[in-house]
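**Student:**
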Amino acid sequence: RFFVFFYRNYVDKTWGVSARMRYESPEVNAFVLGFDEDWGRYDWFNYTKEYKTRNWATYVNDTFTIGKFSFNAGIRYDDNKDFGGEFSPSGGAVYRIVKDKALVRVQIAKGFSAPPAAWVHDPQYGNPDLEPEIGVNYQLGGEVRPFDFLQLEVNFFGTDTKDLILYDWDTQKWENIDEVRREGVEGTIRASFDFGLMVSFGGSYVDVVDEETDDVIEDIPRTMYNASAAYTYEWMTHSVVGRYIDHNSTYPETKDKVFIFDYLFSFRLPFPEPYGKPSFFGAVYNLTNTSYLYREVWPQPDRWVEGGVRFEF
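Numbering (our numbering), first residue to last: 306 to 618.
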């Protein structure tokens, strides 16, 4: 892979491996054990400097169901070459008020996110004092299905984060904000019909506040909406997907409070099942050719198309 990022030219070569094992006892227990690792190196142009990277993680999670309740607990261990190791536990519960009709859930989890090595070790723009983000996430939500075809979902969430990573345009480096509180709500309404049509609409609102100043942190998306419609008939699927993002931007050139729609199409070819699943696919991105811009340095394409053949086996 080759990257050009704000006049920083470097080659990033990364390899990775992952493994996941799942054991299920029907309707009672689900156990997951996994492992991820990646390693590689950065070579910065115009500098006689090379930096090697290495990250690995292992995790375990178990979900146990008894009656109307499901309980889950897990733990993850991350080990990063620059920042050492960190344990992240999680736990939660689901209560089914009415089977297949309504439920409530609660979840709490610790999170660990180390910055990419380039943000730390770039010879000119790296920040050697950058620290990883560590946060505790809380969630309370529920789902209700008043009719078989209709599903409503709402979630309230919050995060207490230490050392939030944010880009500083003055220093042109990634910096940490000591203590940050993130609070928000998201909701979705989805309808699925027997004749192959599915429509959905969802949105979220988030406040990200610097706890030292009690000010909302700008240039972090605050309001987002997603809309979609998909129709499937035999081997064909047509989809229209839309997204809206308010970046809470401080930049005068920003034009972001618009919906961008994409059209997606797929056609599965009749093919003997043992020999694979070939299909044609096509897409028209930014279907209405809407002007959208967050930063001048990140221009967005106008309408563009792609198509091809996909083969699964």
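Beta carbons: idealized from backbone N, C-alpha and C, even for Gly.
Please report the distance separating the alpha-carbon of A335 from that of R600.
**Tutor:** Start at 1 with the first residue of the sequence shown, and residue 335 comes out as number 30. Start at 1 with the first residue of the sequence shown, and residue 600 comes out as number 295. Rounded to the nearest angstrom, the two C-alpha atoms are 45 Å apart.
**Student:** How is V504 classed by DSSP in three states: helix, strand or coil?
**Tutor:** The count along the sequence shown starts at 1 and reaches residue 504 at position 199. Strand.
**Student:** Excluding the 5 residues flanking V337 on each side, which residues of the same chain have their C-beta closer than 6 Å to its C-beta?
**Tutor:** Reading the sequence shown from its first residue, position 32 is the one you call residue 337. So the list reads R327, N366, once near-sequence residues are dropped.
**Student:** Report the three-state DSSP secondary structure of A378 (helix, strand or coil).
**Tutor:** Looking up residue 378 in the sequence shown gives position 73. Here A378 sits in strand by DSSP.
**Student:** Please classify F311: does DSSP put it in a helix, a strand, or coil?
**Tutor:** The residue you call residue 311 lines up with position 6 of the sequence shown. Model confidence at F311 stands at a pLDDT of 45, short of 50, so the residue's coordinates are unreliable and nothing is read from them.
**Student:** Which residues does DSSP pair with H543 in a beta bridge?
**Tutor:** For the purposes of this step, residue 543 is taken as the residue at position 238 of the sequence shown. The partner list for H543 (beta bridge, DSSP) reads Y536, F570.
**Student:** Is the segment 377-390 touching the segment 449-462 in the sense that three or more CB pairs, one from each, lie closer than 8 Å?
**Tutor:** no
**Student:** Roughly how far, in whole angstroms, is the beta-carbon of F564 from the beta-carbon of H543, given that I think they are within contact range, below 8 Å?
**Tutor:** Translated into the one-based positions of the sequence shown, residue 564 becomes position 259. Translated into the one-based positions of the sequence shown, residue 543 becomes position 238. About 18 Å; that fails the 8 Å criterion.
**Student:** May I ask you to verify whether the segment 513-527 touches the segment 480-496, counting CB pairs closer than 8 Å and requiring at least 3?
**Tutor:** yes
**Student:** Buried or exposed: which applies to D405, given that a residue is buried once 16 or more other Cβ atoms fall within 10 Å of its Cβ?
**Tutor:** By 1-based counting over the sequence shown, the position of residue 405 is 100. Classification of D405: exposed, given that the 10 Å Cβ count is below 16.
**Student:** Using DSSP with H/G/I as helix, E/B as strand and the rest coil, what is W479?
**Tutor:** Counted from its first residue, the sequence shown places residue 479 at position 174. Strand at W479.
**Student:** Between which two residues does the beta strand (DSSP E) holding A419 run?
**Tutor:** Residue mapping note: residue 419 aligns to position 114 of the sequence shown, counting from 1. Element bounds for A419: n/a, residue is neither H nor E.
**Student:** Tell me which same chain residues have a C-beta within less than 6 Å of the C-beta of Y590, skipping the five on either side of it?
**Tutor:** Counted from its first residue, the sequence shown places residue 590 at position 285. Taking C-beta separations shorter than 6 Å and ignoring five residues to either side along the sequence, the partners of Y590 in its chain run D567, W609, following chain order.
**Student:** Tell me, which residues are paired with K249 by DSSP?
**Tutor:** Residue 249 lies beyond the stretch modelled for the chain, which goes from 306 to 618, so this question has no answer here.
**Student:** Would you check if the segment 369-378 and the segment 416-424 touch, i.e. whether three or more CB-CB distances between them fall below 8 Å?
**Tutor:** no
**Student:** Please go through the same chain and pick out, in chain order, the residues whose beta-carbon is closer than 7 Å to the beta-carbon of Y472, but skip the five residues on each side of it.
**Tutor:** On the sequence shown, residue 472 is found 167 positions in, with the first residue counted as 1. Only W479 meet the Cβ criterion.
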